[in-house]
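The next block holds one structure in the form of structure tokens; read it before the comments.
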Amino acid sequence: MQKQWFSEEKVLKDPIHDWVYIQDPVIWNLINTRAFQRLRRIKQLGTSYLVFHGAEHSRLTHSLGTYETMRKVLSHFRRNHDWPKDERLNKLALCAALLHDIGHGPFSHAFEGAFQVRHESWTRRILLEDEEVNGILRSVDRDFPADVAGIIGKESLYPLIVRLISSQLDVDRMDYLLRDALHTGVIYGQYELERLIRVMRPYGDDVVIKSSGIHTVEQYILARYFMYTQVYLHHKTIGSDLLLRSVMLRAKTLFDTGGLQYHPVELVPFFTRQEKDISVGEYIRLDESVMIHAFHRWRDEQDPILADLASRFLDRRLYSSIACDKLSEDTLKSFRDLFAANGLDPDYYLIYREIATAGFLYKEGIRVLDEQGRLREIHEISNLIRSLIPEVKHRLYYPKDRLSQENFGPVFDKLQGIGSR
Numbered sequence: 001m002q003k004q005w006f007s008e009e010k011v012l013k014d015p016i017h018d019w020v021y022i023q024d025p026v027i028w029n030l031i032n033t034r035a036f037q038r039l040r041r042i043k044q045l046g047t048s049y050l051v052f053h054g055a056e057h058s059r060l061t062h063s064l065g066t067y068e069t070m071r072k073v074l075s076h077f078r079r080n081h082d083w084p085k086d087e088r089l090n091k092l093a094l095c096a097a098l099l100h101d102i103g104h105g106p107f108s109h110a111f112e113g114a115f116q117v118r119h120e121s122w123t124r125r126i127l128l129e130d131e132e133v134n135g136i137l138r139s140v141d142r143d144f145p146a147d148v149a150g151i152i153g154k155e156s157l158y159p160l161i162v163r164l165i166s167s168q169l170d171v172d173r174m175d176y177l178l179r180d181a182l183h184t185g186v187i188y189g190q191y192e193l194e195r196l197i198r199v200m201r202p203y204g205d206d207v208v209i210k211s212s213g214i215h216t217v218e219q220y221i222l223a224r225y226f227m228y229t230q231v232y233l234h235h236k237t238i239g240s241d242l243l244l245r246s247v248m249l250r251a252k253t254l255f256d257t258g259g260l261q262y263h264p265v266e267l268v269p270f271f272t273r274q275e276k277d278i279s280v281g282e283y284i285r286l287d288e289s290v291m292i293h294a295f296h297r298w299r300d301e302q303d304p305i306l307a308d309l310a311s312r313f314l315d316r317r318l319y320s321s322i323a324c325d326k327l328s329e330d331t332l333k334s335f336r337d338l339f340a341a342n343g344l345d346p347d348y349y350l351i352y353r354e355i356a357t358a359g360f361l362y363k364e365g366i367r368v369l370d371e372q373g374r375l376r377e378i379h380e381i382s383n384l385i386r387s388l389i390p391e392v393k394h395r396l397y398y399p400k401d402r403l404s405q406e407n408f409g410p411v412f413d414k415l416q417g418i419g420s421r
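Counting along the sequence shown from 1, when you hit position 376 you're at 376 in full-length UniProt numbering, and nothing is skipped either side.
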């Protein structure tokens, strides 16, 4: 494959990597597509900005950071290890890193839950169907778009590159842990990125760790553990996601019954069609600016539930929550009946969630290469990693400001009675 580089590399300033270096015009052209630039208007952490006010960073900044992390890893492999001098393979890895999140919708997982769409399938469709993105990828060769999509979708003939994109130790996590920690203002998401890259080794179809790097990996795994327990699964973040989902579900219900006054054209396909029947062009028109504008309009809707839910989201009057033991169906039904009897639709105002905290996934583990050339799973060596056991918690979400002691005494008393810590 003939190299085609810029005569002078382009650089982008970045708060995590200092600089993002771009030598390949294919990468530069992909960055400047409409589909990729749309990621500026999609937050990396969804509704977390309502809990951690600094979490305003976008999917675009993380995608650039993932690309730069991959570039650093490949550079380390080329300099220090038996890495193939295959320009197409390296370009595949860099394009997959850059585009791995291009299919995310507004507010990401909350949006997916409300409209039954999957960002993974939209990433694949954008790579294969979007005229602009697909055309740039096809400029490499005819099979290149499908190969990039295969790597991101874990259906590839290049398993080592797949591992670098998606595994327990991948460039996606390596960037977002540091980036999310910076923007949320927490310190426990930090680890030594450069040191971690230095102890990574290509080994057949896998990426393994040099035995002297175990403590560096422990630091990385702990950073991930604490970011999940303290940021990604923070009970208020989950509550803000549930509130957003309630807004969208109520709007869709009203649209289906003819009761929705304002319905933006960008959302109509998601109200009326299945995912497979929505075009790529329609999908990439939708971003968080469209959603927020709709919420501003919906706060003035005649339907009191939608108006209240939209106002709650915009004004940050989030659901309250209470930790509880696992609730039986009968107990949950009794709460729903109490809410309904007091004028609160339990479909929107009483939400019970089981929350699984992240431990270490042994079946997708990280392998360590010792000085004798033997491979061992890191959890067999590290007591610390073995101690990270997933935990399941239960919470009940509700609008506390609507549960005055005077009008909702029975509800309030029962909620107080089930709390557990």
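Glycine included, each C-beta is placed from N, C-alpha and C at the ideal position.
Asked	Found
Reduced DSSP secondary structure (H/G/I, E/B, other) of Arg179	helix
Span of the alpha helix (DSSP H), counted from its first residue to its last, around Ala323	Run containing Ala323: none in the alpha helix (DSSP H); it sits in the beta strand (DSSP E), Ser320 to Cys324.
The ligand FMN heavy atom lying under 7 Å from the CB of Arg245	What this structure holds is no ligand at all, so the ligand FMN is not there to describe.
Uninterrupted alpha helix (DSSP H) stretches inside the stretch 21 to 84 (no shorter than 4 residues)	25 to 31, 34 to 37 and 59 to 80
Buried or exposed (CB count within 10 angstroms, at least 16 for buried), Pro390	exposed
Contact check, Leu314 vs Phe295, beta carbons under 8 Å	yes
First through last residue of the beta strand (DSSP E) which encompasses Leu369	Arg367 to Leu369
Asp141 classed as buried or exposed, judged by whether at least 16 other C-beta atoms fall within 10 angstroms	exposed
One or two residues paired with Val11 in a DSSP bridge	Tyr21
Closer than 8 Å to chain B by CB, Thr47	Of the protein chains in this structure there is only one, and it is not chain B.
Element boundaries [alpha helix (DSSP H), containing Arg125]	His119 to Glu129
CA nearest to the CA of Pro264, picked from Ala356, Leu99 and Arg297	Arg297
Coarse secondary structure for Pro390, derived from DSSP in three states	coil
Outcome for Lys43 when other beta-carbon atoms lying within 10 angstroms are tallied against a minimum of 16	buried
For Val148, the first and last residue of its enclosing beta strand (DSSP E)	Note, Val148: premise wrong, no beta strand (DSSP E); alpha helix (DSSP H) at Phe144 to Ile152.
Arg353 - partner residues in DSSP beta bridges	Arg395
Inter-residue CB distance, Ile214 and Val368 (contact presumed, cutoff 8 Å)	6 Å
Contacting residues, own chain, Cβ-Cβ under 8 Å from Ser420 (five flanking each side not counted)	With a pLDDT of only 49 at Ser420, under the threshold of 50, the placement of this residue in the model should not be trusted, and no figure is reported.
Where Asp303 sits in the DSSP three-state scheme	coil
Bridge-paired residues (DSSP) for Glu194	For Glu194, which the question treats as bridged, DSSP gives no partner whatsoever.
Integer-rounded CB distance, given that Leu286 should sit under 8 Å from Tyr348	The pair is not a contact, with the Cβ atoms about 23 Å apart (cut-off 8 Å).
DSSP three-state assignment for Asp141, whether helix, strand or coil	coil
Residues sharing a beta bridge with Asp206, DSSP	Tyr203
Nearest neighbour of Tyr398, chosen from Gly258, Val392 and Ser246 [CA to CA]	Ser246
Span of the alpha helix (DSSP H) around Glu329	Glu329 to Ala341
Delimiting residues of the alpha helix (DSSP H) encompassing Glu112	His109 to Phe115
Residue from Tyr262, Ala341 and Thr237 with nearest C-alpha to His53	Thr237
Residue from His119, Lys276, Ile102 and Ala114 whose Cα sits closest to the Cα of Asn134	Ile102
Span of the beta strand (DSSP E) around Leu375	Leu375 to Glu377
Inter-residue Cα distance where the pair is Tyr352 and Gly343	19 Å
Limits of the alpha helix (DSSP H) - the one that Ser246 falls within	His235 to Asp256
Buried or exposed by the 16-neighbour rule on C-beta atoms within 10 Å, applied to Glu377	exposed
Element boundaries [alpha helix (DSSP H), containing Ser382]	No alpha helix (DSSP H) contains Ser382, which DSSP labels as neither H nor E.
C-alpha distance - Ile46 paired with Gly373, whole-angstrom precision	Just to set this straight, residue 46 is Gly in the shown sequence, not Ile. Looking at the two C-alpha atoms, the distance is approximately 43 Å.
Alpha-carbon to alpha-carbon, Ser156 and Arg125	16 Å
Other residues of its chain near Arg316: CB distance less than 6 Å, five sequence neighbours each side excluded	Leu50
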